[in-house]
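Q: Residues 1 to 164 (UniProt numbering) are what the sequence shown spells out, left to right. Here a beta-carbon is modelled for each residue, glycine too, at the ideal position from N, C-alpha and C. Handing you a structure now.
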Amino acid sequence: MQKVLGIAGWSGSGKTTLIGGLLPLLAAHGLTVSVIKHSHHDIELDVAGKDSRRHRASGAHEVMVVSPYRFGLFAETPQPLTLQQQLSRLAAVDLVLLEGQKTLPLPRIEVHRAACGKPWLYPDDPFVIALATDTATATTLPQLPLDDHDAIAGFIVNWLKDSA
Numbered sequence: 001m002q003k004v005l006g007i008a009g010w011s012g013s014g015k016t017t018l019i020g021g022l023l024p025l026l027a028a029h030g031l032t033v034s035v036i037k038h039s040h041h042d043i044e045l046d047v048a049g050k051d052s053r054r055h056r057a058s059g060a061h062e063v064m065v066v067s068p069y070r071f072g073l074f075a076e077t078p079q080p081l082t083l084q085q086q087l088s089r090l091a092a093v094d095l096v097l098l099e100g101q102k103t104l105p106l107p108r109i110e111v112h113r114a115a116c117g118k119p120w121l122y123p124d125d126p127f128v129i130a131l132a133t134d135t136a137t138a139t140t141l142p143q144l145p146l147d148d149h150d151a152i153a154g155f156i157v158n159w160l161k162d163s164a
């Protein structure tokens, strides 16, 4: 299975911003990285009036839209995909960052922003391996400055080497 690292935290803590900052830094380290972003809400990826939407509405199991620059795959799912099913849809890479899905049993970095006013996850989550935060807390876990993407990328690179 590919290396998967969760990026977990409460809504508004900065997970998406962090991942956006990490991707070019991890690429500069020679890593290929994919992202799976989880949403608790229903998502609509193609819009009314488009052929892909018509094909789905007509009963197609999957619809792939392809251009010279990218592709998209639209599929209805009768139940949530397991992590293995999600990963099987991706090309092989060095690392998959998983935004959300914080209940899965896999290593994760907790993103915590004091202004959100939410509790820490790590005291009750044995899978948290480090904290990316704007405030210090009493723990033996590595604490990385939330806005220091270089330090967090370095931690991830070392984690990958250590877990190889």
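(1) What does DSSP give as the partner residues of residue 71 in its beta bridges?
(2) How should residue 112 be labelled, buried or exposed, when 16 other C-beta atoms within 10 angstroms of its C-beta is the threshold for buried?
(3) Report the three-state DSSP secondary structure of residue 53 (helix, strand or coil).
(4) Taking a contact to mean a Cβ-Cβ separation below 8 Å, would you say residue 141 touches residue 6 in this structure?
(5) Have a look at the DSSP bridge pairing and note the partners of residue 98.
(6) Between 86, 131, 78 and 12, which lies nearest to residue 170 when the distance is taken from Cα to Cα?
(7) Bridge partners of residue 108, per DSSP?
(8) Throw me the rounded Cβ distance for the residue 38 and residue 100 pair, which I believe falls under 8 Å.
(9) What residues in its chain sit with their C-beta under 6 Å from that of residue 81, if we drop five residues either side in the sequence?
(10) Between which two residues does the alpha helix (DSSP H) holding residue 24 run?
A: Quick look at the numbers:
(1) Residue mapping note: residue 71 aligns to position 71 of the sequence shown, counting from 1. BP columns for residue 71 point to 66.
(2) Here residue 112 refers to the residue found at position 112 of the sequence shown. So residue 112 ends up on the buried side.
(3) The sequence position of residue 53 within the sequence shown is 53, counting from 1. Correct three-state label for residue 53: helix.
(4) The count along the sequence shown starts at 1 and reaches residue 141 at position 141. The count along the sequence shown starts at 1 and reaches residue 6 at position 6. It is not a contact, given that the beta carbons lie outside the stated cut-off.
(5) For this step, residue 98 is matched to residue 98 along the sequence shown. DSSP output for residue 98 lists 6 and 36 as bridge partner(s).
(6) Nothing can be reported for residue 170: it is not among the residues displayed for the chain, which extend from 1 to 164.
(7) As a working note, residue 108 is residue 108 in the sequence shown. Its beta-bridge partners are 6 and 128.
(8) By 1-based counting over the sequence shown, the position of residue 38 is 38. By 1-based counting over the sequence shown, the position of residue 100 is 100. The pair is a contact, with the Cβ atoms about 3 Å apart (cut-off 8 Å).
(9) One-based indexing of the sequence shown puts residue 81 at position 81. Closer than 6 Å at Cβ, skipping near neighbours: no residue.
(10) Taking the sequence shown and counting its residues from 1, the one referred to as residue 24 is at position 24. Start and end: 15–28.
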